[in-house]
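Chemist: First the structure, which I've put down as structure tokens, then a few questions once you've had a look.
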Amino acid sequence: MRKSKLSHFLVFMLPAVIVIGVFVVYPCVRTTLLSFFDENGHFTLRNYAEVLKSRDTINSDGITRGEFPLGTLLHNAIWIAIHLPLTIFIGLIAAVILRKTWGGNLLKTFIFFGMVMPMIVGGVMINFMFDENVGIVNAFLRLFGMPSKTWTAHPETALFSLILGSVWLWTGFSMTLYSAGLETIPKDYYEAASIDGAGPFVQFFKITIPLLKPITVVVATMTLLWDLKIFDIVYVATQGGPGGASNVLALQMYNYAFIEFNYGKAAVVAVLLTMFTLIAAIPLIKTAGEE
Amino acid sequence: MKKGKIAVNVFGWILGLVWLIPFMGVFMTAIRPMDELLNGWWNLSSFHPNLRNFAQAWNHPTAPLSRGIPNSLIVAIFATIFPILIATMAGYYLARYTFPLKKLAYITVVITLALPSQMVAIPLYEMLLKLNLLDSYVGLILLHTAWGTPWITFFMRNFYTTLPPEIEEAARIDGAGDFRIFYKIVFPLSLPAIASAAALQFTWVWSSFFFELITIYTPEKLLATQRIPLMRGVYHVDWGILSAAAIMVMMVPIAVYLLLQKYYVRGMIGWSMK
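As structure tokens, this is what we get:
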């Protein structure tokens, strides 16, 4: 470590400080201020009250009747509750199984394509899979004599089909990190365990899962952030509909700001969303602070 | 033992097919005429593959990809070069020098990684409007530069902490100045890490949609990702054209991934882990 002279700071660091300051830090401060002040510059909590009481955010009617829309806050929560465990689980299983499957690398490549493609295309893929006529999901269900429909177009299934589609898109992420992690586990651990008579399942739970725990923390953090920020998929596949049944926080903010031009309410949604992402990023920030 | 192996293979392929079949479906839908799709793309009773859907998506009357793809390339190339130049230097500085408020600077970078674009959308929109940079690629490239700089800084800083400083010390003893050491010795040594960062930043900018949605609105200027929702039609979906467009737009990041697989995966692991 060398002590910095001013000239070092000016050359190496100043460009980054300027772009981050002007285009990231300043806008964050400004959005926060927008959420707390009205047009005349007076402090107010009205924007917060309006957003939190709005049916867009929490729809008490929907909740009591058990029908969508339930409100963006709940939609994002449901998204996390389903998507987070499923991607972690399927990604881990895929990493372990495909390592020993003939042609496994090819299959892994295709699974990974899901997260390489633009999420706008991902939304089209979801539409395509769940479509009444061309969709493979309906073709599969018809084999079992179930009626077919366009899943993304009905309020009771729109959100769930988006979530399942997003599992399909994002599993490649956890699979790739777990695959890299598996390479670091020494083979002798498994050999020693087999000699002691441990079967493949015991080995999986006693060796693989504990040793991959640091990766699981990273995967969970990144997936949580991805779930909270979800926007493109919903925008292209359902526009948050029908009737708000698949709306999410990020899209709600966009609609308030750029369709209704209500900056105050939009800023509130942005601040709430950011609070959630910062909570999700605590493990990340903690490791950074320790250095 | 043998039985276990067969079971693993069968299970692995069933799992893999969940991903293979939809990709096959999009491909089949894109290369077949509409009337052959009425009974499903998997029905092969009549099969006349052609590239008409690709041509129609390329020359689409309202949202031609012949304009969208070059537009996206221009933006993605510049929005990759600029943040990499800025962030390589900042990452090096964070790794090698001590200065007041260093910890704060580092934590700001990490927090930025977690921010949703929605948090900065309104002020950036107003700012670009005032600077007359709305609906301009200059403005859009600026936004992507700012948004890419923090994570690349973080990534490059992590790379430089693993680079032994002895080489630099030796050069210093030989009388080279700090800036000369950076661009003569350190920068060339960081090319593999830069390749990783570039592969990721390029595909992310290519795939980006939200900033484009709020800043670019003239039809000719629309980026490739913005044209996909426009191609869908309101009352009925032309799956042939839409599939062909989807394939063309996803081919670019997929090609980057396939060509730079090693760097891409390394970048992704480095982006999320130390």
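Protein sequence lines correspond, in order, to chains A and B.
Residues in the first sequence are numbered from 2 upward in steps of one, following my numbering.
Residues in the second sequence are numbered from 261 upward in steps of one, following my numbering.
By construction, the Cβ of each residue, glycine as well, lies at the ideal position given by its N, Cα and C atoms.
For clarity, every value in this text was computed on a predicted model and none was experimentally measured.
From the DSSP output, in three-state form, read off R526(B) for me.
Modeler: Against the second sequence, residue 526(B) aligns to sequence position 266. DSSP places R526(B) in helix when its eight states are reduced to three.
Chemist: Under the rule that 16 or more other beta-carbon atoms within 10 Å means buried, what is G92(A), buried or exposed?
Modeler: Residue mapping note: residue 92(A) aligns to position 91 of the first sequence, counting from 1. The residue is buried, with at least 16 neighbouring Cβ atoms inside 10 Å.
Chemist: For T409(B), collect the residues of the same chain with a Cβ closer than 8 Å to its Cβ; drop the 5 residues on either side in sequence, then sort them by chain order.
Modeler: On the second sequence, residue 409(B) is found 149 positions in, with the first residue counted as 1. For T409(B), where only same-chain residues beyond five positions count, the Cβ hits under 8 Å are P343, I346, A347 and A350.
Chemist: Residue range of the alpha helix (DSSP H) that W279(B) falls in?
Modeler: The sequence position of residue 279(B) within the second sequence is 19, counting from 1. Taken as a continuous stretch (DSSP letters only), the alpha helix (DSSP H) holding W279(B) covers K262 to I291.
Chemist: For the region 231-248 of chain A, which residues have a CB atom closer than 8 Å to at least one CB atom of chain B, in sequence order?
Modeler: Going along the region 231-248 of chain A in chain order, one finds F232, D233, Y236 and V237 with a Cβ nearer than 8 Å to chain B.
Chemist: Per DSSP, which residues does F38(A) bridge with? Please list them.
Modeler: Here the question's residue 38(A) lines up with position 37 in the first sequence. Paired residues: F44(A).
Chemist: From P489(B) to G241(A), what distance separates their C-alpha atoms?
Modeler: Against the second sequence, residue 489(B) aligns to sequence position 229. Against the first sequence, residue 241(A) aligns to sequence position 240. Spanning the two alpha carbons is a distance of roughly 14 Å.
Chemist: Taking the runs of the beta strand (DSSP E) that are 3 residues or longer, which of them lie wholly in the region 443-491 of chain B?
Modeler: Whole beta strand (DSSP E) segments, 3+ residues: zero.
Chemist: For T73(A), count the other beta carbons within 10 Å of its own beta carbon; 16 or more makes it buried, fewer makes it exposed. Which is it?
Modeler: The residue labelled residue 73(A) in the question sits at position 72 within the first sequence. Classification of T73(A): buried, given that the 10 Å Cβ count is 16 or more.
Chemist: Judging by CA-CA distance, which residue of K522(B), Y477(B), L388(B) and L403(B) is the nearest neighbour of I454(B)?
Modeler: Walking along the second sequence from the start, residue 454(B) turns up at place 194. Comparing Cα-Cα distances from I454(B) to each of K522(B), Y477(B), L388(B) and L403(B), the minimum goes to K522(B).
Chemist: Is there at least one Cβ from chain A nearer than 8 Å to P324(B)'s Cβ?
Modeler: Within the second sequence, residue 324(B) is the residue found at index 64, counting from 1. No, no contact with chain A.
Chemist: Hey, could you find the ends of the alpha helix (DSSP H) Y343(B) is sitting in?
Modeler: One-based indexing of the second sequence puts residue 343(B) at position 83. Residue 343(B) is actually Pro in this sequence, not Tyr. Element bounds for P343(B): L325 to R356.
Chemist: Between F415(B) and L520(B), what straight-line distance do the alpha-carbon atoms span, to the nearest angstrom?
Modeler: Here residue 415(B) corresponds to residue number 155 of the second sequence, with the count starting at 1. Here residue 520(B) corresponds to residue number 260 of the second sequence, with the count starting at 1. Using only the alpha carbons, I get a separation of about 17 Å.
Chemist: Pull out every residue of the region 380-397 of chain B whose Cβ sits closer than 7 Å to any Cβ of chain A, in chain order.
Modeler: Within the region 380-397 of chain B, the residues whose Cβ lies closer than 7 Å to some Cβ of chain A are V380, A381, I382, P383 and L384, listed in chain order.
Chemist: Among all the DSSP beta bridges, which residues are the ones paired with R3(A)?
Modeler: Along the first sequence, one-based indexing puts residue 3(A) at 2. R3(A) pairs with Y357(B).
Chemist: Could you confirm whether any beta carbon from chain A is found closer than 8 Å to the beta carbon of T539(B)?
Modeler: Residue 539(B) is absent from the model: chain B starts at 261 and stops at 534.
Chemist: Is it buried or exposed for N128(A), if we count other Cβ within 10 angstroms and need 16 for buried?
Modeler: In the first sequence, the residue the question calls residue 128(A) occupies position 127. With 16 or more Cβ atoms within 10 Å of its Cβ, N128(A) is classed as buried.
Chemist: For chain B, check one thing: does any of its Cβ atoms lie closer than 8 Å to the Cβ of Y255(A)?
Modeler: Taking the first residue of the first sequence as 1, we reach residue 255(A) at position 254. For Y255(A), the answer is yes, since a Cβ of chain B falls inside 8 Å of its Cβ.
Chemist: Output yes if chain A places a C-beta closer than 8 Å to the C-beta of A374(B); else output no.
Modeler: Sequence index remark: in the second sequence, residue 374(B) carries index 114 (1-based). Interface residue, yes.
Chemist: If you check the beta carbons only, do L279(A) and I507(B) fall under 8 Å apart?
Modeler: If you number the first sequence from 1, residue 279(A) lands on position 278. If you number the second sequence from 1, residue 507(B) lands on position 247. Contact flag unset, no.
Chemist: Just to check my reading of the structure: A504(B) and A317(B) have Cβ atoms closer than 8 Å, yes? What is that Cβ distance to the nearest angstrom?
Modeler: Counting from one through the second sequence, the residue named residue 504(B) turns up at place 244. Counting from one through the second sequence, the residue named residue 317(B) turns up at place 57. Rounded, the Cβ-Cβ distance is 4 Å, consistent with contact.
Chemist: Between which residues of its own chain and D132(A) is the CB-CB distance below 6 Å, once the five residues before and five after are set aside?
Modeler: By 1-based counting over the first sequence, the position of residue 132(A) is 131. Counting only Cβ-Cβ distances below 6 Å, and skipping sequence neighbours, we find T151.
Chemist: Does the distance from the C-beta atom of T475(B) to that of K4(A) stay below 8 Å?
Modeler: Counted from its first residue, the second sequence places residue 475(B) at position 215. Counted from its first residue, the first sequence places residue 4(A) at position 3. Not in contact: T475(B) and K4(A) (Cβ atoms no closer than 8 Å).
Chemist: Using CA coordinates, which residue listed in K362(B), L473(B), I329(B) and L400(B) is at the minimum distance from T340(B)?
Modeler: Counting from 1 along the second sequence, the entry for residue 340(B) is found at position 80. Residue L400(B) is the option with its Cα nearest to T340(B).
Chemist: Whole angstroms is fine: what's the gap from R56(A)'s alpha carbon to F111(A)'s?
Modeler: Walking along the first sequence from the start, residue 56(A) turns up at place 55. Walking along the first sequence from the start, residue 111(A) turns up at place 110. R56(A) and F111(A): Cα-Cα distance of roughly 40 Å.
Chemist: Do A96(A) and Y27(A) have their beta-carbon atoms positioned less than 8 Å apart in this structure?
Modeler: As a working mapping, residue 27(A) is identified with position 26 in the first sequence. As a working mapping, residue 96(A) is identified with position 95 in the first sequence. Cβ distance not < 8 Å, so Y27(A) and A96(A) don't count as in contact.
Chemist: Below 8 Å CB to CB, which residues in the same chain sit around A194(A) once its five sequence neighbours on both sides are set aside?
Modeler: To locate residue 194(A), count along the first sequence from 1; it is residue 193. The residues are V203, Q204, K207 and I208.
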